[in-house]
Structure formats: C-alpha cells, structure tokens
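A short worksheet on the structure shown next.
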Amino acid sequence: MAVVFSLSQCNSNGGDKGDKCCNDTKCCQNSGDKCNNNSQCCQTSDNQVIKAIMERRSIRKYKDTPVEHEKLATIVKCGINAPSGINKQPWEIRVVESQELINQVNEVYKKANPDIMEKDPSFKNMFRNAPNLICVATAQGGNLDCGLLGENMMLAAQSMGLGTCCLGGPVRFIKDNADAKFFLEKLGFSEGYDLIYILAIGYPDESPDAKPRDESKVKYIK
Ligand SMILES: Cc1cc2nc3c(=O)[nH]c(=O)nc-3n(C[C@H](O)[C@H](O)[C@H](O)COP(=O)(O)O)c2cc1C
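Anchor point for the sequence shown: position 69 equals 77 in our numbering, and the numbering is continuous, going up by one each time.
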C-alpha cells in the first residue's frame with residue numbers, strides 16, 4: 009500500500025492550474041500528491057525506507073512506557089551497521105534502561121532550573137521526557153561516523169513505531185555541571201571517548217509536523 013508522508017516545504021508553493029490545493033492558499037506541486045489533515049501537501053511512496061525518512065520527526069513528548077530491551081538492541085545493532093571511515097567504528101554506545109539513573113541526573117537538572125515546572129508544565133525530564141536514552145561517545149575525529157550511526161538508529165526506531173530526538177543540550181548540561189559527573193561515571197566510556205549526543209527514545213505522545221527544509225541548498229550539476 010502506498011504510504012503518505014508530509015512535505016511541509018510544499019506548503020508555500022502557489023499551485024498551478026491542475027495542482028491539488030489543500031486549502032485556499034496551499035497547493036501541491038506534483039500530480040498524485042495528497043493533502044493531510046493539517047492541509048499539508050504530501051507525496052506518496054511505496055518505499056518503506058523513504059517512508060521512515062520522511063515521517064521521522066524529533067519527538068519531545070513520550071509515553072511513560074519504557075522501550076522493550078529487545079527493541080533497543082535491534083536499534084543499536086542497526087546503528088553499528090552504519091558505515092565508518094576505514095571501518096574504524098569510532099564510537100561507544102551506552103543504552104540507559106535504568107529509570108533510576110535518569111531520575112537521578114534529572115534531579116540535578118531540576119535543582120539547577122528550579123522554575124522548570126512552571127515554565128513547562130509538561131516537563132518530566134531533561135531528555136525531552138523520554139523513558140530511555142542512547143548515549144553516544146566518540147574518539148577524536150569520529151563525529152561524522154557517529155552522525156551516521158545516530159541516523160541509522162533514529163530511522164530504525166521510526167520504522168518500529170518509536171520516536172527519538174537527538175539531544176545536544178543535555179550533553180552540555182551534564183558536562184558543565186559538577187553534580188552531574190556521576191552520570192558520566194556511570195556510563196563508563198573508555199579513556200579518550202567523549203560523549204557527543206544523547207538520543208532520547210520512547211513511544212511518541214505527539215506527532216509534530218515536518219519543519220521546513222531549504223531546497224535552495226541543493227543544486228543539480230548536469
Ligand atoms: C546534533 C543535534 C543536536 C540537537 N540537539 C537538540 C536539543 O538539545 N534539544 C532538542 O529539543 N532538539 C535537538 N535536536 C533536534 C533538532 O532540533 C531537530 O532535528 C531539527 O529541529 C529538525 O526537526 P526534525 O528532527 O523534527 O526534522 C538536535 C539535533 C541534532 C542533529
């Protein structure tokens with residue numbers, strides 16, 4: 009069955025005659041496109057990889073239910089099957105399934121941000137409220153490889169009905185706050201490995217629209 013994915017960047021295009029219009033001002037560019045419930049223009053594809061890529065969004069609201077261990081293991085396996093320069097695999101990964109550890113480091117965050125609950129009534133934890141974390145560290149020079157690892161994991165999660173959000177903010181907080189040092193110690197990365205991002209992961213409790221993408225950054229040289 010053809011899958012439908014939203015391409016919000018279509019929204020601002022005025023439609024030519026024959027285009028399908030999602031509302032008075034927003035029209036699709038391509039014939040065969042569909043409109044979703046939010047009057048966004050959508051393309052269709054039968055390709056499950058394209059579906060996962062186009063439907064993935066950063067999720068910042070999660071159900072409390074932790075992700076099953078087997079699913080986390082599959083996702084990490086997909087991650088480490090990403091390409092890396094001369095197959096160096098310059099990463100270490102720590103999957104946090106301990107709710108206690110997440111709560112402990114979150115207490116440090118709450119102490120440093122005492123008005124967080126007033127500012128954000130939906131706040132549960134500093135990891136965009138996710139019940140599980142995948143922490144990625146790299147040896148020097150491995151950032152590109154770790155980026156590929158991360159996208160593999162996010163797409164695998166997406167295809168399994170899970171949501172993710174790549175997080176840099178909490179990494180900075182954890183590194184800068186002396187009270188959060190225990191968290192890094194608990195992760196126990198090897199000497200020379202530096203935590204570079206944390207993937208929040210869990211069952212999504214929101215379905216945000218796609219953010220616009222700037223197609224003008226792409227040029228085809230023929
Ligand atoms: C390296 C990196 C760091 C990020 N850090 C954060 C973060 O600290 N907090 C957050 O809410 N989102 C973070 N994001 C998510 C981006 O905001 C998000 O990917 C972007 O807005 C595009 O939205 P989309 O993922 O829904 O397509 C980060 C993404 C990347 C790739």
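For glycine and all other residues, C-beta sits at the position ideal for the given N, C-alpha and C.
{"query": "Let me know if P312 comes out buried or exposed under the rule of 16 or more other beta-carbons within 10 Å of its beta-carbon.", "result": "What is shown of the chain runs 9 to 230, which leaves residue 312 out entirely."}
{"query": "I'd like to check one pair, N140 with V104: are the Cβ atoms closer than 8 Å?", "result": "yes"}
{"query": "Hey, out of E214, E223, A164 and H77, whose CA is closest to S130's CA?", "result": "E214"}
{"query": "Consult DSSP for Y205 and reduce its assignment to one of helix, strand or coil.", "result": "strand"}
{"query": "Just checking K59 against ligand 1 - is the residue's beta carbon closer than 7 Å to any of the ligand's heavy atoms?", "result": "no"}
{"query": "Give the straight-line distance between the Cα atoms of K225 and E159, rounded to the nearest whole angstrom.", "result": "20 Å"}
{"query": "For the beta strand (DSSP E) that I67 lies in, which residues bound it at each end?", "result": "It is not in any beta strand (DSSP E) - I67 carries neither H nor E in the DSSP assignment."}
{"query": "Can you give me the start and stop residues for the beta strand (DSSP E) that I101 sits inside?", "result": "W99 to V104"}
{"query": "Got a sec: does ligand 1 put a non-hydrogen atom nearer than 7 Å to the Cβ of G176?", "result": "yes"}
{"query": "Are the segment 195-206 and the segment 150-170 touching by the rule of at least three beta carbon pairs closer than 8 Å?", "result": "yes"}
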